[in-house]
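Reading through the structure tokens given below for one structure.
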Amino acid sequence: AQKVTQAQTEISVVEKEDVTLDCVYETRDTTYYLFWYKQPPSGELVFLIRRNSFDEQNEISGRYSWNFQKSTSSFNFTITASQVVDSAVYFCALNYGQNFVFGPGTRLSVLP
Amino acid sequence: DTEVTQTPKHLVMGMTNKKSLKCEQHMGHRAMYWYKQKAKKPPELMFVYSYEKLSINESVPSRFSPECPNSSLLNLHLHALQPEDSALYLCASSGLYGYTFGSGTRLTVV
Chain V
51 AQKVTQAQTE
61 ISVVEKEDVT
71 LDCVYETRDT
81 TYYLFWYKQP
91 PSGELVFLIR
101 RNSFDEQNEI
111 SGRYSWNFQK
121 STSSFNFTIT
131 ASQVVDSAVY
141 FCALNYGQNF
151 VFGPGTRLSV
161 LP
Chain Y
10 DTEVTQTPKH
20 LVMGMTNKKS
30 LKCEQHMGHR
40 AMYWYKQKAK
50 KPPELMFVYS
60 YEKLSINESV
70 PSRFSPECPN
80 SSLLNLHLHA
90 LQPEDSALYL
100 CASSGLYGYT
110 FGSGTRLTVV
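Residue numbers (this note's numbering), protein chains in the order written: chain V, 51 to 162; chain Y, 10 to 119.
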């Protein structure tokens, strides 16, 4: 079965704390893509990153970093020095062929 | 152009109205999708068009009618909707190197 699990339903942190959002996926395909999206209260789906299954290099973009580990089927997302504007629902997703499977999402609240 | 453009951004319609949602992309993607997202839930797939032909219909009620007039355009025709159909409707397209979502249409049925 193709599935994405985000075990953390809701996380609250205080501004400037680091926070890691977990994502575990299941797939039988050897070629697939993993995504992270941010959905702020305004509702639009904001693309953050796309990673293919053959590229296990970790990635850093400003305060955001991603840790992809095929051995544990995980694609975790860390926000360093969180800010109030990071408050949103974050979705991890798996794409194989035309199929796109979203995780249930993690609601992150960053308190001032 | 690396975007999927959806119009309108917001739509309020009565249960007897007929309206259409529009989605456009110019990335040469040959697959296009409609998703529905209810509050606090992930998006759920409704329809898939591949090379302008409907390839997947996820048991969507007939009051939602998709149309793909050409490879760049995808419409969703709405008729006799119910208040529970109120949601964010997302369009997406995919090609060899990408899967891209639009910003969505926030639909309210009154």
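For glycine and all other residues, C-beta sits at the position ideal for the given N, C-alpha and C.
Within the 8 Å Cβ cut-off, does residue i reach chain Y?
i	result
P154 of chain V	yes
F118 of chain V	no
Quick one: is residue i buried, meaning 16 or more other Cβ sit within 10 Å of its Cβ, or exposed?
i	result
T117 of chain Y	exposed
T114 of chain Y	buried
H38 of chain Y	buried
Y106 of chain Y	exposed
T77 of chain V	buried
D94 of chain Y	buried
P75 of chain Y	buried
V32 of chain V	Residue 32 of chain V is absent from the structure shown; chain V starts at 51 and stops at 162.
K49 of chain Y	exposed
K45 of chain Y	buried
G104 of chain Y	exposed
L63 of chain Y	exposed
S112 of chain Y	buried
Rounded to whole angstroms, how far is the Cβ of residue i from the Cβ of residue j, which I believe are closer than 8 Å?
i	j	result
L99 of chain Y	L161 of chain V	Between L161 of chain V and L99 of chain Y the Cβ distance is about 29 Å, and since that is not below 8 Å, they are no contact.
T59 of chain V	N126 of chain V	Their Cβ separation, rounded to whole angstroms, is 16 Å, which puts T59 of chain V and N126 of chain V out of contact at 8 Å.
A138 of chain V	G153 of chain V	That pair is no contact at about 14 Å.
G155 of chain V	P51 of chain Y	6 Å
Y140 of chain V	W86 of chain V	6 Å
K132 of chain V	E65 of chain V	The amino acid at residue 132 of chain V is misidentified as Lys; the sequence shows Ser. Yes, they are in contact, since the Cβ atoms of S132 of chain V and E65 of chain V sit about 6 Å apart, within 8 Å.
Y42 of chain Y	A96 of chain Y	About 15 Å; that fails the 8 Å criterion.
T128 of chain V	D68 of chain V	6 Å
F118 of chain V	L84 of chain V	7 Å
F150 of chain V	Y108 of chain Y	6 Å
Taking Cβ positions only, does residue i come closer than 8 Å to chain V?
i	result
A89 of chain Y	no
A40 of chain Y	yes
F110 of chain Y	yes
R115 of chain Y	yes
Can you tell me whether residue i sits near the ligand MN, meaning its C-beta is under 7 Å from at least one heavy atom of the ligand?
i	result
R78 of chain V	By its list of ligands, the structure shown contains no ligand whatsoever, and the ligand MN lies outside what it can speak to.
Next item on the list: Residues of the stretch 128-153 of chain V with a CB closer than 7 Å to any CB of chain Y: list them in chain order, please.
Entry: F141, N145, Q148, F150, F152, G153
Notebook entry, point to check: How do the stretch 14-29 of chain Y and the stretch 121-140 of chain V stand: do at least 3 beta-carbon pairs fall below 8 Å, yes or no?
Noted result: no
Next item on the list: Mind checking the stretch 79-101 of chain V against chain Y and listing, in chain order, the residues whose C-beta falls within less than 8 Å of any C-beta there?
Entry: Y83, F85, Y87, G93, E94, L95, F97, R100
Next item on the list: Using a Cβ-Cβ cut-off of less than 8 Å, list which residues of the stretch 74-107 of chain Y approach chain V; keep chain order.
Entry: L97, L99, A101, S103, G107
Note to self: Beta carbons nearer than 9 Å to chain V: which residues of the stretch 45-64 of chain Y have them?
What the structure shows: Q46, K49, K50, P51, P52, E53, L54, V57, S59, S64
Next item on the list: Mind the definition here: the stretch 23-34 of chain Y touches the stretch 75-84 of chain Y only if three or more C-beta pairs lie below 8 Å; say whether that holds.
Entry: yes
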